Amino acid sequence: MTLGILWTMQILCIPALSPLIIGVIRKIKAVLQNRKGASVLQPYRDIWKLLHKDEVISADASWIFRFAPLAIFAITLVVGASVPVFASFMANGFTSDILVIVYLMAAATFFVALAGMDTGSAFGGFGSSREVTVAALAEGGLLFSLLTVALMSGTSNVFRVAETIASAELTSMLPAFFAFAGFFIVLLAENKRFPFDNPSTHLELTMIHEAMILEYSGKRLALIEWASANKLMIFIALGANLFFPWGIAHDASMVALAGALVAFAIKALAFCASIAVVESVIAKLRFFRLPDVLFVSFILSVIAIGLI
Amino acid sequence: MIEAILSSYGFGALIASFAIGAVGALALRKSDTAANVWSNAFAVLGSAWGIVYALLAVTAVSAPEYIVDASAAFPLLSVSFHIDKLSAFFIFVISLIAFLCSIYGMGYVRHFYKKYNIGSLGFFYNFFIAGMLLVVSASNALVFLIAWEIMSVASYFLVVYERNDHRNVRAGFLYFVMTHIGTAFILLAFLVMYKFTGSFQFAAIAHNIASIPPFAASVVFVLALAGFGTKAGIIPLHIWLPDAHPAAPSHVSALMSGVMIKTGIYMMIKIFLDVFTDIPLWWGLTVLVLGAVSSLLGVLYALTEHDLKRLLAYHSIENIGIILLGVGSAMVFSSSGMLPLAALGIVAALFHTLNHATFKSLLFLSAGAVVSATHTRNIEEYGGLIKRMPQTAFFFLIGSMAISALPPFNGFFSEWLTFQALFGGILALPSAASWIFVLAVGALALTGGLALACFVKAVGAVFLARPRSEEARHAKESSFSMRTGMAFLALLALVFGVFSGSVSLTIGRVARDIGKFGAAELPFAVSPLEQISVQNGFASASAPAIAMMFIVAACIAALGLRAAYRKQKVVIGETWDCGTPPTSRAEITATAFSRSIIMIFKGILKPTKQTGIEYRDATARYFPKARTITLGISDIYRAYLYEPLQVALTKFSERVKTIQSGNINAYVLYIFVALLVLLVYVIL
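Protein chains in written order, with the working numbering: chain A, 1 to 308; chain B, 1001 to 1684.
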């Protein structure tokens, strides 16, 4: 019974809370810019509104365009259920492997990039080209940063990693901190945040993610927006629970779970605040400078492996 | 029953059916249809028999061995075949792909009717398959070389089959030269081994392997690596591959890319792990580095290609690199005495061999369908084919997902196992060697990301958006037999993925039959739901679980949307392109798509760019009439490796020419001097 509730929480946690994460980031950014900003619940309202809109689909689009939003949303649900959010004891041996997570995310990129090319607009095509370029270069850093903590804890199952790292001594955590620096860069790149992309514009010649999904409207746009929010929260959950897993619940007792939820809320808030600060203090980089940043992420993770 | 199939008659029937197919096709060459049906029917028959034969041989207790005694006439040449589990595995892969390619071929070959001789195509096609089967079953180096030549020569004639295009003839010539350079290396390797062991039988060589001194063994390693590496297409010996594979008819390209280059891998595994058992560490590290370089450079060159079939050919180089990562790690573990991990490396390599054969032939066959529907291989002249050839597009998409290693397709699981073998190396090896494993992991991760980019480009430019040429606009779906061949391969890509656990267990039995691995415990276990877990639970994954969770999530999302929001309309509109009418010129091209990656890797790829302007008035030069821009990639191997070699060779030949005076007295003097020197040598 409790396990049933816990699993429902684990599966629904990411899709239910991810719009809130976006709302919080926007709110912090607004405050930093001396604006009042919309309510943190605004992303929910946006999705709700989009779900009720009619849709326009390009005459050039094929079934891939129609299917892609569903595919990427489903992938983020699957990955969301397979990463630790508040409890480290709910490991499954089927989908919680770091490689499975990395490559499932790649599958989502594959479909959204194809959908971008499907309508035959110049925006979509260039968006896809940039998206896959950034994704390809980010993959090394992502894999190596996750591999660092996996090698440190002797397992590549993300739940078990969280469990092992939580009990590790602080002095042995140096590689994890290096790896986290690499991971945070990939987090920004994969979720198309500053300095890689500007998530709040639709008309800028260098846009990546927004260019790809320019032709979407209505329900399908809602699904894509929701899926991107899920993806951001998946990365935050990975970052919070693999590199700083303190406070995560190791058993199903009420106290541990409540503590874990509070701990996760604090860590997620810290992530939101750092993303918002990064977006407020630095400018977007030129596209051909991005490989340098991603290379730094890769090198940091390689150093981390060397330090183990 | 099983014994009857595995008897020498069973093996003979396998080869005979291809021989009948070959000779019959030649006899029936007057009628295109008859030659086509005859040759492909016997190829289908033979390869179906091969599948059954190989499956039985993999499970058989003792390996079948056939000896045709010809020692009276040729003392060194004992015509003998030995089908161990490794051979049986490769016979399975060859037969499986040949089976589906031949079904596809029946429909595909039709577009050659009246243009080229169908009889000779059938002749060489059947001999090509038979040659590959003999290569992987020969147990004697000389028989092996004969089979190797049958395979190489038959495939040469298939490469130059469309001989009216001079590019194909040039490609064929390059292939012919390179493949024989490779064969020369192989021959030398066998001769060195013969000098020390006194035998051409592989079993006898393996038995006396201790009598080869370490230096000679290393010479054998380098020679064999160069020889088999040329066939496998490792960089920098790959230059024939992107020219030759696209030149052949598409079902032959599928066989060449899917299975022929794997015969090089087969021999590497056989020589380096089965014949040699105690190998120095640097052999494995060399193979590992070559694998990493080939995979990374292969995919980078693939990204620069605009020729659909050349693009796929470069991906073969990439995948051979991935297979070599498995082979190389197995060799490193084998020389460090970690047999279970070495078995994992072999399983990863063999599994990827099977998977690459499946999805690469699928991709070549669907590319062939596209090429025969549009009469061009230029990727920029396609577009929008998903609406005109929906099934072909679907099969190509499946192949693309499999080659990009997206779960739950088969490519993911073999790369997953390769990753696990490399992770094992990072964990278990001392620091210097483990750093090479770290770099190999980095190369494999980057390769995965770039392959995904390349296949987004390929699928997007070929099948999506609007057609960019008249041919693409009027393309028609391919014939039934072609679609059947592709459909089965697409299904296999999924089946080998979903049942990856069982498949890797079966391959594990093959691995334990090689060299000293019989004693090794397999370092992975398969639980219900096909869940593979390696190294005592370091990592585990399950394909059916991934697939089921995805399907359930997608269904819930789709049904939820449908139930809750039924009233909304879907309007079909025009693509918005800043108010300009969306023409095919507004779409992104494949060149533009990969341009940013090319610019990022410009240190390696050395892109070139030439611009030209033609003015309306050449003196005033104000109003341009036409602008041209030519983008290219400079071929650094030709420029820095092959051309200097060729120049050196020509120079040397010029020098040698000075002794060729044309004066018969001088020649008599040469003979006399040579005789004297030999006499002195003999006496001393």
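Where a beta carbon is used, it is the ideal one built from N, C-alpha and C, also for glycine. Since the structure is predicted, the reported quantities are computational estimates derived from the model, not experimental observations.
Sub-7 Å separation of residue i and residue j beta-carbons
i          : j          : result
PHE1409(B) : ALA1402(B) : yes
GLY1227(B) : PHE1190(B) : no
ILE275(A)  : ILE25(A)   : yes
VAL1159(B) : ALA1248(B) : yes
LEU1086(B) : ILE1514(B) : yes
ILE1546(B) : THR95(A)   : yes
SER1500(B) : ALA1543(B) : yes
ALA1558(B) : LEU70(A)   : yes
GLY1050(B) : ILE1091(B) : yes
ILE21(A)   : MET233(A)  : yes
ILE1604(B) : THR1304(B) : no
SER1478(B) : ALA1369(B) : yes
TYR44(A)   : PRO19(A)   : yes
GLN10(A)   : GLY23(A)   : no
ILE1002(B) : LEU1056(B) : yes
Chain A within 7 Å of residue i, Cβ atoms only
i          : result
MET1549(B) : yes
LEU1464(B) : yes
SER1366(B) : no
ALA1206(B) : no
THR1418(B) : no
ASP1577(B) : yes
GLY1460(B) : yes
GLY1560(B) : no
LEU1546(B) : A quick correction: the sequence has Ile, not Leu, at residue 1546(B). Taking Cβ atoms only, chain A reaches closer than 7 Å to ILE1546(B), which makes this a yes.
PHE1412(B) : yes
ALA1590(B) : no
GLN1535(B) : no
GLN1646(B) : no
PRO1407(B) : yes
Chain-order list of residues whose beta-carbon lies under 7 Å from that of residue i (same chain, five-residue window excluded)
i          : result
SER1481(B) : ILE1103, TYR1104, MET1106 and GLY1107
ALA1648(B) : none
Contacting residues, own chain, Cβ-Cβ under 8 Å from residue i (five flanking each side not counted)
i          : result
ARG1655(B) : none
Closer than 7 Å to chain B by CB, residue i
i         : result
ASP197(A) : no
GLU163(A) : no
GLY140(A) : yes
THR57(A)  : The amino acid at residue 57(A) is misidentified as Thr; the sequence shows Ile. Cβ-Cβ to chain B under 7 Å: yes for ILE57(A).
MET117(A) : yes
PRO291(A) : yes
LEU51(A)  : yes
TYR44(A)  : no
Presumed contact (8 Å Cβ cut-off) between residue i and residue j, rounded CB distance
i          : j          : result
ALA1405(B) : GLU1415(B) : 5 Å
THR1286(B) : ILE1323(B) : Actually they do not touch by this definition, with Cβ atoms about 15 Å apart.
ILE64(A)   : LEU1464(B) : 7 Å
SER1596(B) : THR133(A)  : 5 Å
LEU1014(B) : TYR1053(B) : 6 Å
SER1540(B) : ASN230(A)  : Wrong, their Cβ atoms sit about 24 Å apart, outside the cutoff.
ALA304(A)  : GLY141(A)  : About 10 Å separates the two Cβ atoms, so there is no contact after all.
GLU225(A)  : ASP46(A)   : 7 Å
SER1334(B) : PRO1280(B) : So it is not a contact: roughly 11 Å between Cβ atoms.
Any non-hydrogen atom of the ligand GDP within 6 Å of residue i CB
i        : result
ASP46(A) : Ligands in the displayed structure: none, and consequently the ligand GDP is not present.
Cβ neighbours of residue i in the same chain (closer than 6 Å, five flanking residues each side left out)
i          : result
LEU197(A)  : Note that residue 197(A) corresponds to Asp in the displayed sequence, not to Leu. Excluding residues within five positions, the ones whose Cβ falls inside 6 Å are ILE208 and HIS209.
TRP1240(B) : LEU1174, TYR1175 and MET1178
Near-chain C residues of the region 174 to 185 of chain A (beta-carbon distance less than 9 Å), N- to C-terminal order: In the structure shown, chain C does not exist; the protein chains are A and B.
Three or more C-beta pairs below 8 Å linking the region 228 to 244 of chain A and the region 167 to 185 of chain A: yes
Do the region 1582 to 1593 of chain B and the region 1369 to 1384 of chain B meet, that is, are 3 or more Cβ pairs less than 8 Å apart? yes
Contact between the region 1383 to 1399 of chain B and the region 1465 to 1482 of chain B (3+ Cβ pairs under 8 Å): yes
Taking 8 Å as the cut-off, does the region 1356 to 1372 of chain B touch the region 24 to 41 of chain A (at least 3 CB pairs, one atom from each stretch)? no
I'd like to know if the region 1326 to 1342 of chain B and the region 1268 to 1279 of chain B are in contact, where contact means that at least 3 CB-CB pairs between them fall below 8 Å. yes
Are three or more beta carbon pairs between the region 1429 to 1444 of chain B and the region 1289 to 1301 of chain B nearer than 8 Å? yes
Contact between the region 1165 to 1183 of chain B and the region 1241 to 1255 of chain B: three or more CB pairs below 8 Å? Enough Cβ pairs lie closer than 8 Å, so yes.
Determine, using beta-carbon pairs with one atom in the region 1631 to 1642 of chain B and one in the region 1661 to 1680 of chain B, whether at least three such pairs fall under 8 Å. No: the two stretches stay apart, fewer than three of their Cβ pairs being nearer than 8 Å.
Quick check: the region 283 to 299 of chain A against the region 126 to 143 of chain A, are there 3 or more CB pairs under 8 Å? yes
With three or more beta-carbon pairs closer than 8 Å as the criterion, would you say the region 1250 to 1257 of chain B touches the region 1307 to 1315 of chain B? yes
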